[in-house]
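Only one structure is covered here, and it is reproduced in the block below.
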């Protein structure tokens with residue numbers, strides 16, 4: 001991929017823009033889709049590919065200009081010339097790919113959000129994750145969090161915490177945990193406990209489940 | 222439920238010696254005592270949560286007096302499984318959920334009361350643990366049920382906002398959630414992609430030919446396993462043939478074919 005490839009349409013090439021800068025329409029978008037397929041297959045969140053997204057947006061603008069070319073305009077009442085149809089198809093496809101890429105990332109972040117039990121500060125303070133988030137995504141996550149919290153409040157969080165894990169049903173009321181990271185004083189059914197690294201406790205699962213999902217405590221089985 | 226019963230029986234063995242109950246029936250003395258005692262100790266009624274179908278008379282009877290009567294928990298489990306297997310969003314069971322949540326709250330209060338009572342016997346404490354565990358397990362199902370719905374609502378948010386029919390199937394807070402989701406997703410697409418595109422392309426509701434629509438809709442043609450709870454009227458399959466299911470018949474069919482049977486509670490998804 002050449003970052004400046006998209007600018008090559010100025011000049012005579014703009015007239016017949018089926019192919020330019022050695023690329024076909026939609027090549028860049030295919031790369032983008034490939035990237036998110038890879039990310040899904042390996043279950044790794046890749047860094048946001050800003051430069052590729054920008055190149056595609058540039059391609060879109062070029063295509064738009066090419067479509068407006070008067071030479072491609074058909075007289076009233078005749079079907080649009082094939083060239084125009086190809087350009088429009090390319091425009092639609094690129095746009096679809098862009099949106100698919102972004103919606104894929106949004107889904108991944110939602111998954112991540114639920115995996116840590118909705119602990120937004122926890123996500124935002126993890127440097128590895130934070131570095132992969134764009135400012136827009138942080139905004140998105142904040143709004144997402146607000147909307148989930150509103151739903152949770154409607155439900156009445158006292159009886160049922162919607163954020164707690166749903167991966168496997170509970171077998172025991174209590175759980176033996178090892179403290180992996182200091183997490184300060186936590187209120188539990190047995191009074192408040194100061195969790196210090198290396199200690200072990202037998203505690204009520206419901207009280208500390210969120211600490212397990214956030215990686216402060218580890219369950220000993 | 223089955224493995225809970227086993228656990229229960231196992232603990233019963235240990236419980237018998239600890240509690241040294243002499244007088245009760247020989248078969249399952251401790252179990253009997255819990256069942257009997259449940260009514261006089263405040264509000265703890267394990268039975269009600271655990272009773273098999275038919276045993277329990279209708280505290281939660283929601284009007285299904287025909288064949289067998291399901292306990293609220295069995296209903297919840299059925300709706301939960303249906304929801305998890307169905308590609309579309311099924312009608313929310315608000316009444317059932319409300320009664321179960323109420324029940325959970327009453328049980329938790331009773332548990333708190335007995336816990337704080339210094340006079341409570343060892344046996345009562347033992348019972349509390351059982352009740353608490355059961356409460357947690359039921360909460361798990363409720364949670365999973367609601368989260369499954371949230372997941373679908375999130376996925377189909379834009380579709381829900383524009384579809385009145387589906388809005389009648391979700392609760393008020395779910396509707397709020399759906400419209401918020403749709404809005405923040407639109408907003409996100411706008412700031413990341415659409416605002417940079419030329420004016421003519423910056424809309425989300427294109428309907429280009431040869432392409433699926435932009436708005437994600439539930440795929441009702443997806444195949445589901447369906448288990449007939451009773452004799453069902455024939456349904457028409459997409460190829461035009463009809464399928465009539467007898468009780469306990471299990472089939473793999475497209476969701477759209479059995480949608481109405483699910484709504485009428487004549488089948489369940491498995």
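Residue numbers (the numbering used here), protein chains in the order written: chain F, 1 to 221; chain X, 222 to 491.
In this text, a Cβ means the ideal position worked out from N, Cα and C, and glycines have one as well.
In this text, all values refer to a predicted model and were calculated from it rather than measured experimentally.
Is the beta carbon of residue i less than 8 Å from the beta carbon of residue j?
i: residue 410 of chain X; j: residue 99 of chain F; result: yes
i: residue 166 of chain F; j: residue 155 of chain F; result: no
i: residue 476 of chain X; j: residue 445 of chain X; result: yes
i: residue 32 of chain F; j: residue 39 of chain F; result: no
i: residue 248 of chain F; j: residue 26 of chain F; result: Since the first residue of chain F shown is 1 and the last is 221, residue 248 of chain F is not available in this structure.
i: residue 178 of chain F; j: residue 205 of chain F; result: no
i: residue 382 of chain X; j: residue 399 of chain X; result: yes
i: residue 448 of chain X; j: residue 483 of chain X; result: no
i: residue 362 of chain X; j: residue 147 of chain F; result: no
i: residue 501 of chain X; j: residue 438 of chain X; result: One cannot answer for residue 501 of chain X here, as it falls past the ends of chain X, which runs 222 to 491.
Quick one: is residue i near chain F, going by C-beta distance under 8 Å?
i: residue 327 of chain X; result: no
i: residue 282 of chain X; result: Since pLDDT at residue 282 of chain X reaches only 41, below the 50 mark, its modelled position is unreliable, and the value read off the structure follows with that caveat. With 8 Å as the cut-off, residue 282 of chain X does not count as an interface residue toward chain F.
i: residue 361 of chain X; result: yes
i: residue 566 of chain X; result: Look at the range of chain X in this structure, 222 to 491, and you will see that residue 566 of chain X is not part of it.
i: residue 264 of chain X; result: Confidence at residue 264 of chain X is low in this model, with a pLDDT of 44, below 50, so its placement is unreliable and the value that follows should be read with caution. So, not an interface residue.
i: residue 367 of chain X; result: yes
i: residue 398 of chain X; result: yes
i: residue 477 of chain X; result: no
i: residue 402 of chain X; result: yes
i: residue 255 of chain X; result: Summary for residue 255 of chain X: the model assigns pLDDT 44, below 50, so the residue's position carries little reliability; its value from the coordinates is reported in the next sentence. It does not; no Cβ of chain F falls within 8 Å.
i: residue 383 of chain X; result: no
i: residue 379 of chain X; result: no
i: residue 353 of chain X; result: yes
i: residue 269 of chain X; result: Only weak support exists for where residue 269 of chain X lies, its pLDDT of 48 falling under 50; the value from the coordinates is given anyway. Not an interface residue.
i: residue 405 of chain X; result: yes
i: residue 189 of chain X; result: The first residue shown for chain X is 222 and the last is 491, placing residue 189 of chain X beyond what the model contains.
Looking at the unbroken alpha helix (DSSP H) that takes in residue i, where does it start and where does it end?
i: residue 149 of chain F; result: 135–155
i: residue 92 of chain F; result: 82–115
i: residue 47 of chain F; result: Per DSSP, residue 47 of chain F belongs to no alpha helix (DSSP H) and is neither H nor E.
i: residue 329 of chain X; result: 315–336
i: residue 401 of chain X; result: 393–413
i: residue 388 of chain X; result: 385–388
i: residue 482 of chain X; result: 476–484
i: residue 176 of chain F; result: Taken as a continuous stretch (DSSP letters only), residue 176 of chain F belongs to no alpha helix (DSSP H), being part of the beta strand (DSSP E) at 174–179.
i: residue 123 of chain F; result: 120–125
Mind listing the chain F neighbours of residue i? Cutoff is C-beta to C-beta under 7 Å, in chain order.
i: residue 358 of chain X; result: 169, 170
i: residue 394 of chain X; result: 151, 154, 155
i: residue 443 of chain X; result: Near residue 443 of chain X there are no residues of chain F at all, since even the closest Cβ is about 19 Å away, more than 7 Å.
Which residue comes first and which comes last in the beta strand (DSSP E) that contains residue i?
i: residue 202 of chain F; result: 200–204
i: residue 445 of chain X; result: 444–449
i: residue 490 of chain X; result: 488–490
i: residue 219 of chain F; result: 217–219
i: residue 194 of chain F; result: 191–195
i: residue 186 of chain F; result: 184–188
Which chain X residues are close to residue i, counting only those with a beta carbon under 7 Å from its beta carbon?
i: residue 61 of chain F; result: 419
i: residue 41 of chain F; result: Correct list: empty, because the minimum Cβ distance to chain X is about 21 Å.
Determine whether the Cβ of residue i lies closer than 8 Å to any Cβ atom of chain B.
i: residue 409 of chain X; result: You won't find chain B in this structure, because its protein chains are F and X.
Within the 8 Å Cβ cut-off, does residue i reach chain X?
i: residue 64 of chain F; result: yes
i: residue 213 of chain F; result: no
i: residue 102 of chain F; result: yes
i: residue 47 of chain F; result: no
i: residue 128 of chain F; result: no
i: residue 9 of chain F; result: Low confidence applies to residue 9 of chain F: its pLDDT is 41, below 50, so where it sits in the model is not reliable, and the reading given next is rough at best. Chain X, which has no Cβ nearer than 8 Å to the Cβ of residue 9 of chain F, makes this no.
i: residue 98 of chain F; result: yes
i: residue 143 of chain F; result: yes
i: residue 147 of chain F; result: yes
i: residue 203 of chain F; result: no
i: residue 106 of chain F; result: yes
i: residue 140 of chain F; result: yes
i: residue 119 of chain F; result: no
Taking Cβ-Cβ distances shorter than 8 Å, what residues in chain X pair up with residue i?
i: residue 136 of chain F; result: 409, 412, 413
i: residue 113 of chain F; result: Chain X residues near residue 113 of chain F: none, gap ~11 Å exceeds 8 Å.
i: residue 166 of chain F; result: 361, 364, 365, 368
In chain F, which residues lie with their C-beta within 8 Å of the C-beta of residue i?
i: residue 375 of chain X; result: 110
i: residue 422 of chain X; result: 60, 64, 91, 95
i: residue 350 of chain X; result: 173
Using a C-beta to C-beta distance shorter than 9 Å, which residues of chain X count as neighbours of residue i?
i: residue 57 of chain F; result: 414, 417, 418
i: residue 87 of chain F; result: Neighbours of residue 87 of chain F on chain X: none; closest Cβ ~12 Å, over 9 Å.
i: residue 160 of chain F; result: 322, 325, 360, 363, 364, 367
i: residue 29 of chain F; result: Within chain X, no residue comes near residue 29 of chain F; the closest Cβ sits about 12 Å away, beyond 9 Å.
Heavy atom of the ligand GDP less than 7 Å from the Cβ of residue i, yes or no?
i: residue 474 of chain X; result: What this structure holds is no ligand at all, so the ligand GDP is not there to describe.
At a CB-CB cut-off below 9 Å, which residues of chain F make contact with residue i?
i: residue 290 of chain X; result: Neighbours of residue 290 of chain X on chain F: none; closest Cβ ~25 Å, over 9 Å.
Any 3 or more C-beta pairs closer than 8 Å across the stretch 152–172 of chain F and the stretch 340–360 of chain X: yes
The stretch 128–146 of chain F contacting the stretch 457–465 of chain X, beta-carbon criterion three pairs below 8 Å: no
Sufficient close CB pairs (3 or more, under 8 Å) joining the stretch 386–402 of chain X to the stretch 53–67 of chain F: no
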